[in-house]
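Note that my numbering gives residue 37 to position 34 of the sequence shown, counting from 1, and the numbers run on in steps of one.
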Amino acid sequence: MLRRLACLVTTMAALSMNATNAKTFSTLGGDEGTTTMAQVTPGCGVVQHDQSTSTPTQVNSDQVETQQQSLSGSASTPQNSTHIQYSIRNGDVSSVGVNLGGWLVAEHWMTNTADFWQGVGDDDAGKGEYTAITKAVNPDTVRSNLQNHHNTFITESDIADIAAAGLNTVRVPVGYWIVGFDNDDPSGQAAWTQYANGTLKYLDALITDWAKKHNVAVLISMHAAKGSQNGADHSSPSDPGKSHWSAYDENVANTIATATFLANRYKDEDAFLGIGLLNEPNASTDEDKLYAYYEQTYAAIRETGNDCVLSVAPLLYKQSPDVMTDFMQAPTYSNVWVEWHPYFVWGYEDTSDYDLINTAVKVNYQNSVSQWNARGSHNRLFIGEWSFATAGKFSDNQEGYYEFCQAMMDVMYQAGAGFTFWSWRIYGDESGFNAWSLRSVLRDERLNAIFFPSATRS
């Protein structure tokens, strides 16, 4: 299932540009389609905050441990029990956070003006990082430019801004190649070597330094599994549009090894919250193998004494309070979250503004979350991805748009584990309004108050 995006709102006057392969449709019902994003008109109290001029915190490869060819992790470090991560893990506090999308797994629609897309054909750019590199005129140049992107797109400055805004969690998408090895490769193709190497040092910097310093919890998302779990660009498939993850045992074994390596590497880090075990597996993924993978990975991680959060996602089209109701439940299992990605974009092209607010959100979405929460025993619900984007709604209805956003937040705060907005930033969001960029959204004073109700409500 491909991510689609028809319009990115780039100015307060609603100047838009076309883009493709945006966030995958994952509403609680509906069909994939072409979309246009909601608009915010001028005069909304927007304070300009141009982060493009900030000095990035550079990552020195000598500052972090060399990537290993085994499943051994990093050495233990002293724990600071006051870090917010422990309160989130224990269930005392819910995540109120944001994704670091487009950083360590490239997505063209979010970063289409970045240097690393130069020399990549238009037909290949929207198919993910693997195709962009291997089909480029000069793959080494793309890799080099990708490394520069990794070094500058998200920096300590962003984590400081995220914390200052009032957010307590970041969800960071990664690909299987980040660990720097593949011990389950009977073909000997070593596809992981095609990617820009050294990306693990950026995740190290995030977890062991920036997020630790600024009191932000980090949830890793297994976004791009070997073989691809959905065929979409954000899973970087070697066979674009096709999902082969569950078709070959070595793919599943590699994903278990990758998740186990990362969990073990960071298990003693204060900022490390856990891992989303697989992002948006689609209908072509074998459900039995998916659930077995979740259980096997849970066992492998828990064997090391690691009680980090592990989020499990149903098949993309099965996000429902009737699915995973008795899967990996406490007390047999601990710290398991169930993850949904409700977007009110795809499938809502013909829905009126009124019905989007009063039926899609206030009735259908509210009922889904309420039904999940109503069971006497249930794993905590985590809304891992969502945004304020719509299918071209509210273009001349500013008050309606605010009502839509308010309705969404009223439900979001009912998810027991919390939520992470998609995403923190995209290229070109330094000014104007973009419903996919939280740093853009929060410049609107009214949306800021809607997003953080505790700041405006007693």
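Glycine is no exception: its CB is placed at the ideal position from the N, C-alpha and C atoms. Small disclaimer: the values here were computed from a predicted structure and weren't measured.
| Query | Result |
| --- | --- |
| Ordered along the chain, which non-local residues of its own chain (more than five positions away) have a Cβ less than 6 Å from that of G234? | P240, G244, K245 and S246 |
| Just checking my contact of L450 with F407 at CB under 8 Å: how many whole Å lie between their CB atoms? | Not confirmed; about 11 Å, so no contact. |
| Which runs of the alpha helix (DSSP H) spanning at least 4 residues fall entirely within the segment 349-386, listed in chain order? | 369-377 |
| Can you find at least 3 beta carbon pairs, one from the segment 347-365 and one from the segment 272-282, that sit closer than 8 Å? | no |
| Taking C-beta to C-beta, are I223 and V177 nearer than 7 Å? | yes |
| Would a C-beta distance cut-off of 7 Å place T258 and A228 closer than the cut-off? | yes |
| For W112, does the three-state DSSP call read helix, strand or coil? | helix |
| Under 7 Å, do D356 and N338 count as touching if we go by C-beta distance? | no |
| Assuming S97 contacts G421 (C-beta within less than 8 Å), just tell me the rounded distance between them. | 3 Å |
| Just to confirm before moving on: does the CB-CB distance between M327 and P317 stay below 7 Å? | yes |
| Report the partner residues of E342 according to the DSSP bridge assignment. | F385 |
| Tell me the DSSP secondary structure of N233 in three-state form. | coil |
| If you drop the 5 nearest sequence neighbours on each side, which residues of the same chain put their C-beta closer than 8 Å to that of T69? | Residue confidence is low: T69 scores 39 on pLDDT, short of 50, so the model does not pin down where it sits. No coordinate-derived value is stated. |
| Quick check: the segment 140-152 against the segment 113-122, are there 3 or more CB pairs under 8 Å? | yes |
| Does M331 come out as helix, strand or coil in the three-state DSSP assignment? | coil |
| At what residues does the beta strand (DSSP E) containing T300 begin and finish? | Element bounds for T300: not the beta strand (DSSP E) but the alpha helix (DSSP H), E290 to R305. |
| Less than 7 Å separating the beta-carbons of I162 and A214? | yes |
| Leaving aside the five residues before and after V175 along the sequence, list all residues of the same chain whose C-beta is less than 8 Å from its C-beta, in chain order. | N102, L103, W106, L107, L206, L209, V221, L222, I223 and S224 |
| What span of residues does the alpha helix (DSSP H) with G403 cover, start to end? | Q401 to M415 |
| Given this structure, state the Cα-to-Cα distance separating E2 from A167, to the nearest angstrom. | What is shown of the chain runs 4 to 461, which leaves residue 2 out entirely. |
| As a quick exercise: from R428, M412 and W427, pick the residue whose alpha carbon is nearest that of A452. | M412 |
| Return helix, strand or coil for F275, following the three-state DSSP convention. | strand |
| Should Q474 and A274 be called a contact, given that it needs their Cβ atoms to be closer than 7 Å? | The first residue shown for the chain is 4 and the last is 461, placing residue 474 beyond what the model contains. |
| Verify whether the separation of the beta carbon atoms of Q369 and W343 is less than 7 Å. | no |
| Which term fits E283, buried or exposed, when burial requires 16 or more other beta carbons within 10 angstroms of its beta carbon? | buried |
| Less than 7 Å between the beta carbons of Y179 and T261, yes or no? | yes |
| Which runs of the alpha helix (DSSP H), 4 residues or longer, sit entirely within the segment 85-147? | 87-93, 111-114, 125-128 and 132-137 |
| Can D289 and S231 be called in contact, C-beta distance under 7 Å? | no |
| So is R378 buried or exposed if we call it buried at 16+ other beta carbons inside 10 Å? | exposed |
| Output the distance between the C-alpha atoms of T134 and D329, rounded to the nearest integer angstrom. | 39 Å |
| What's the gap between the Cα of L31 and the Cα of Y320? | Here the model assigns L31 a pLDDT of 48, short of 50, so the residue's position is not dependable, and the following value carries that caveat. So the two alpha carbons sit approximately 8 Å from each other. |
| Does P1 pass the burial test, meaning 16 or more other C-beta atoms within 10 Å, or should it be called exposed? | Within the shown structure, residues of the chain are numbered from 4 to 461, placing residue 1 beyond reach of any answer. |
| Which residues in the same chain as A286 place their Cβ atom closer than 8 Å to its Cβ, once the five residues preceding and following it in sequence are excluded? | M4, L318, L319 and Y320 |
| Hey, quick one: how far does the alpha helix (DSSP H) through I165 stretch, first residue to last? | E159 to A168 |
| Given a cut-off of 7 Å on the beta-carbon distance, is the pair L170 and V99 in contact? | yes |
| What does a CB cutoff of less than 6 Å around Y198 pick up in its chain, not counting 5 residues either side in sequence? | W180 |
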